[in-house]
Structures are given as C-alpha cells and as structure tokens.
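A quick write-up on the structure given underneath.
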Amino acid sequence: MTRDRSHAAFERAKAVIPGGVNSPVRAFKGVGGSPVFVREAAGARFTDLDGNTYIDCVMSWGPLILGHADHRIIDAVVRAAARGTSYGAPTEAESDLAELVIAMVPSVEKVRFCSSGTEATMSALRLARGFTGREKVVKFAGCYHGHADAFLISAGSGALTMGTPDSPGITAGTTRDTLVVPYNDLDALRTVFEAERTTIACVIVEPYVGNMGLVLPKPGFLAGLRALCTEFGALLIFDEVMTGFRVAPGGVQEREGVLPDMTTLGKVIGGGLPVGAFGGRAEIMEKLSPLGSIYQAGTLSGNPLAMAAGRATLEALREPGIYERLDAAGARFTTGMHDIFARHGVAHQHAHRGSMVGFFFTAQDVVDLASAKTSDTVFYGKFFHEMLDRGVYLAPSQFEAGFLSLAHDDATIDEILAAADDVIGALHALA
Ligand code: KE4
C-alpha cells in the first residue's frame with residue numbers, strides 16, 4: 000500500500016499550516032510516520048489521496064455515529080444551505096435541536112449551543128464560577144476537556160493537587176485555580192474538598208474517559224462524585240462531549256443513573272458539523288447573558304447547517320433498536336480483539352460501552368492515567384501501522400478511544416478482526 004500522494008500533501012500542508020494539521024493528534028506523533036490524507040468517505044470507510052480505502056475506527060473522533068456521508072444528514076444540510084448558511088439571528092432550528100437534547104439528556108433543562116467542545120467546557124466553567132461565586136476547578140489527571148487554559152493542567156509531581164501546565168502560555172494564576180486528582184480516587188477528591196472547603200466552583204469529569212484510551216469509572220465513583228459535590232456545594236459537570244448520545248441516548252448519566260448539575264456536549268450532537276453545547280438545571284443556565292450577567296457568545300453558535308445536521312443525527316438515533324445495534328458492534332469488535340490478543344498471548348486490557356471501544360497493551364488493570372501509561376506504546380505503534388497497511392484505520396494513539404458506527408456491520412467488523420489476527424500473529428512471531 001503506497002501513500003505517496005498523502006506524503007506529498009503533508010509536505011505541502013506543513014509549508015502553510017503549523018505541523019501540517021489543524022489539530023495535533025492528526026499528525027501521527029503518537030504512532031510515528033506520516034498522516035493519511037482523506038479524499039472522500041462513505042459509511043464505515045474512507046479513501047485516501049492514493050485511492051487506498053480503510054475501515055475507519057475513529058469516525059472523526061466520535062461525531063459520525065451514523066457513518067460517513069449519511070444521506071439523512073447530507074440531505075438536511077443541503078436543504079438548510081439552500082436557504083442560507085448563517086444569519087446571526089435566531090432560528091427555530093436551534094429550538095428544534097434544543098428540544099431534542101432536553102428530551103434525551105436527563106439532567107438538562109436548558110441548553111446553549113456553541114461551535115466546539117472546547118467552547119462548551121470553557122463556558123460551563125465560567126458559568127459554574129459565576130453561579131457559585133467560587134474560583135477553583137477540579138479535574139482528573141488524564142481527562143481532556145478541550146484546549147481552554149484552565150483544562151491544560153496536569154497533575155503536579157509535588158503536592159497532591161498543585162498542577163503544572165501542559166503547555167507554555169498558561170499563567171500561574173490559571174494553574175493555581177485548577178486542582179488535579181487521580182481518576183477513580185474518591186479519597187483524593189475528599190482530601191481536596193476538606194482542604195479547600197468553599198473555594199471549589201466545580202468538578203469536571205469525563206464520566207467514561209475516552210482521552211486516556213477508554214477508562215471506566217469504578218463502581219460507586221460517579222455516585223461518589225455526586226455526593227461530594229453536593230456535600231461541599233460545588234457543581235458537578237459531566238463532560239459528555241465524547242459519551243453524549245454515544246453510549247446511550249442520554250449518555251453516561253442515563254446509563255449510570257447519576258445526574259450532574261451541568262453537562263457539556265459535542266461531536267455526535269453536530270453529526271460532523273461544528274456544534275458544542277452545555278446545559279443543565281434552569282436555575283444555573285438562566286444566569287447566562289442576556290437573561291443573567293454571565294457572558295457567553297458566538298458568531299456561528301446555533302448555525303443553521305450545524306443544527307440541521309445535529310437534528311438529523313439525533314432523530315435517527317431515536318429510532319427503536321439503534322443502541323442495541325451500536326452496543327452489539329462494540330461488543331463484537333472488543334470481544335474479537337480480546338480473543339485474538341489472548342490466543343497469541345499478548346498482554347492487554349479491553350472494554351467497550353456501546354460503540355465506544357478501547358484496548359491497552361498492558362497486563363495491568365487500567366483505572367487511571369498512571370496505569371494507562373504502563374501500556375506498550377511502541378507495540379501499539381507497530382500494530383497501528385500494520386493494521387493501516389491492511390486497510391484498517393485505528394486511533395493514531397494508544398491513549399485514545401475508538402468509535403464505531405451504524406455502518407460497521409458484522410461483516411465489516413469481521414474484516415477488522417481478520418486483519419488484527421494476521422497482524423498480531425506476525426508481530427508476535429517477531430517478538
Ligand atoms: P473539541 O474542542 O475538540 O470539539 O472538543 C474538546 C473535547 C472536550 N471534551 C472531551 C471529552 C473531548 O474528547 C474533546 C475532544 N476530543 C478529542 C479526541 N481526543 C478531539 C480530537 C482532536 O483534538 O483533534
């Protein structure tokens with residue numbers, strides 16, 4: 000399989016775009032080599048500039064739960080575009096999607112749209128600070144909430160919670176206001192709350208983590224977060240940008256029966272067009288301008304094309320039997336991968352929730368960032384490229400989740416598994 004046109008396109012892109020990409024993970028730094036440039040996509044597959052076709056297990060990092068170029072979304076966007084692409088004035092399309100979100104997501108009484116998950120989480124943080132009058136935010140090591148300054152803070156090497164910036168350009172003040180604790184560690188969170196008492200505005204969490212790879216909450220962890228936030232008067236924010244409408248119609252909060260005070264959404268909600276959203280209890284959301292005094296805005300927030308794509312997506316997901324199909328696809332993929340790794344004696348962990356899938360090449364149970372980092376990223380890189388050469392596009396990082404769609408039927412998943420069996424057999428023979 001040659002990818003000369005992708006390589007040439009990458010060189011061209013690097014001359015005009017920093018790193019040749021508009022989002023770092025696309026540059027293959029996590030697996031080495033040069034990224035594949037996409038020409039077109041349909042269903043579960045995309046075709047690169049050299050005419051190679053791949054089964055896509057990333058699906059734009061989550062939005063494309065119906066599959067690429069789903070006709071229901073394309074038709075809705077084309078119809079909307081024919082009436083204009085943006086107005087900067089309210090439309091009923093926004094209320095149409097808002098009513099759907101409120102009907103599907105248990106804790107959301109009112110919702111505000113924006114254009115990315117980052118905008119959603121940064122806005123939710125400002126709203127939590129304004130609503131509570133408090134300044135600090137608690138996040139969990141390894142969870143990603145977009146690239147707003149407050150969230151680009153990792154666990155510090157020193158004190159339990161003093162963080163360190165993930166990036167230059169983040170001020171000491173911002174760093175001081177973000178406290179970081181290990182995922183799945185309620186004792187560490189209680190210790191922080193007892194030390195801080197009334198300074199914490201909110202705790203934000205990926206209720207199922209996708210940004211370490213797929214890492215699941217221990218039994219009682221989410222309920223424990225809920226109880227601690229209630230006890231200390233902090234708001235609980237579920238960042239469901241990845242899990243919203245993915246693992247259940249109402250996301251993790253529906254599956255686990257734990258209600259946050261606010262929820263952030265993205266990806267699936269826009270069906271591949273730029274939509275972010277944050278929602279929650281009306282008493283909180285009504286503090287937002289122009290009703291309240293907490294400012295938040297966006298030129299293209301509620302864009303009619305994006306609203307049309309989101310509505311078409313969510314309406315398709317509300318048809319009977321959809322989530323059973325998605326869960327079956329996730330189970331077939333994950334069980335199949337487990338069987339292959341086990342048969343070849345490859346140390347691994349595996350999990351899925353609905354069509355969100357993940358595996359780690361480590362013998363250790365993965366419950367947080369430290370255990371996720373025991374994974375063999377060199378082996379993952381080899382596995383990734385061998386699968387790529389067999390026409391399967393996995394996430395270009397061990398520390399990302401995979402996403403299947405309604406277009407990943409049994410035959411497609413069996414193609415993935417056949418390639419994996421061939422690769423693992425070859426790699427393990429070399430090991
Ligand atoms: P965006 O600003 O990328 O739309 O959303 C940020 C975000 C917020 N919260 C969660 C839980 C997320 O997973 C994300 C974005 N996810 C990454 C995948 N690791 C998007 C891929 C990328 O950065 O290019």
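So in numbering that gives the first Met the number 0, spot 339 of the sequence shown is number 338, and the numbers just go up one at a time.
From the three backbone atoms N, C-alpha and C, an ideal C-beta is built for every residue, glycine too.
Just to confirm before moving on: does the CB-CB distance between residue i and residue j stay below 8 Å?
i      : j      : result
GLY243 : CYS113 : no
ALA315 : SER354 : no
GLY279 : VAL107 : yes
PHE402 : MET58  : yes
GLY16  : THR120 : At residue 16 the sequence reads Ile, which differs from the Gly that was named. The answer is no: Cβ separation not under 8 Å.
GLY19  : PHE9   : yes
ALA346 : GLY357 : no
LYS372 : PRO62  : no
ASP176 : ALA194 : no
VAL24  : HIS384 : no
LEU185 : PHE220 : yes
LEU304 : THR170 : no
ARG71  : ALA406 : no
PHE360 : ASP375 : yes
ARG82  : LEU48  : no
Going by the C-beta, is residue i closer than 7 Å to any heavy atom of the ligand KE4?
i      : result
SER22  : yes
SER115 : yes
MET58  : no
VAL267 : no
MET0   : no
ASP364 : no
ASN51  : no
THR376 : no
TYR143 : yes
THR312 : no
ASP148 : no
ALA241 : It is worth fixing the name first, because residue 241 is Met in this sequence and not Ala. Under cutoff, so the answer is yes.
ASN302 : no
THR120 : yes
ARG25  : yes
GLY219 : no
GLY209 : yes
ASP55  : no
ASP238 : yes
GLY29  : no
GLU93  : no
GLY275 : yes
GLU285 : no
GLU205 : yes
GLU399 : yes
Relative to the C-alpha of residue i, which residue among the options is closest?
i      : options                           : result
VAL136 : ALA127, ASP186 and CYS142         : ALA127
THR262 : GLY116, PRO319 and VAL180         : GLY116
HIS343 : HIS427, ALA281, PHE231 and LYS13  : HIS427
VAL257 : THR120, PRO216, ALA394 and GLN295 : PRO216
GLY380 : VAL365, VAL246 and ALA394         : ALA394
ARG38  : ARG2, GLY61, GLY32 and ARG133     : ARG2
GLY209 : ALA81, ARG352 and PRO105          : ARG352
ALA410 : ARG125, PHE332, HIS349 and ILE423 : PHE332
ALA282 : LEU227, SER166 and THR131         : According to the sequence displayed, residue 282 carries Glu and not Ala. If we check each option's Cα against that of GLU282, THR131 comes out closest.
GLU318 : SER288, GLU253, GLY223 and PRO248 : PRO248
ARG254 : ILE72, GLY145, SER300 and VAL104  : VAL104
GLY141 : GLU134, THR163 and ARG133         : THR163
GLU118 : VAL100, HIS146, PHE340 and GLY129 : HIS146
THR197 : CYS228, VAL377 and GLU205         : CYS228
ARG389 : GLU134, HIS67 and ASN51           : ASN51
ILE101 : GLY424, GLY250, SER370 and LEU224 : GLY250
GLY482 : ALA341, GLN252 and PHE45          : This structure leaves residue 482 out entirely; the chain is present only between 0 and 430.
MET241 : LEU178, GLY129 and ALA400         : ALA400
Can you give me the Cβ contacts of residue i inside the same chain, cut-off strictly under 7 Å, excluding the 5 residues immediately before and after it?
i      : result
ALA97  : VAL110
ALA123 : ILE236, MET261, THR263 and PHE277
TYR143 : ASN210
MET386 : LEU393, ALA418, ALA419 and VAL422
SER166 : LEU151
Between which residues of its own chain and residue i is the CB-CB distance below 8 Å, once the five residues before and five after are set aside?
i      : result
GLU285 : LYS109 and GLY291
MET306 : ALA79, THR90, ALA92, GLU93, ASP95, LEU96, PHE112 and VAL274
ALA296 : SER288
Using a Cβ-Cβ cutoff of less than 6 Å, which residues in the same chain neighbour residue i once the five nearest sequence positions on both sides are dropped?
i      : result
GLY309 : LEU96, ILE268, GLY269, GLY270 and VAL274
VAL366 : ASN183
VAL391 : ILE54, ILE415 and ALA418
CYS201 : ALA127, VAL136, ALA233, LEU234 and ILE236
ALA12  : GLY19
LEU99  : LEU313
May I ask whether a heavy atom of the ligand SAM can be found less than 7 Å away from the beta carbon of residue i?
i      : result
GLY390 : With respect to small molecules bound, the structure shown includes the ligand KE4 and not the ligand SAM.
Chain D beta carbons: is any one of them nearer than 8 Å to that of residue i?
i      : result
ALA296 : In the displayed structure, chain D is absent; only one protein chain is listed.
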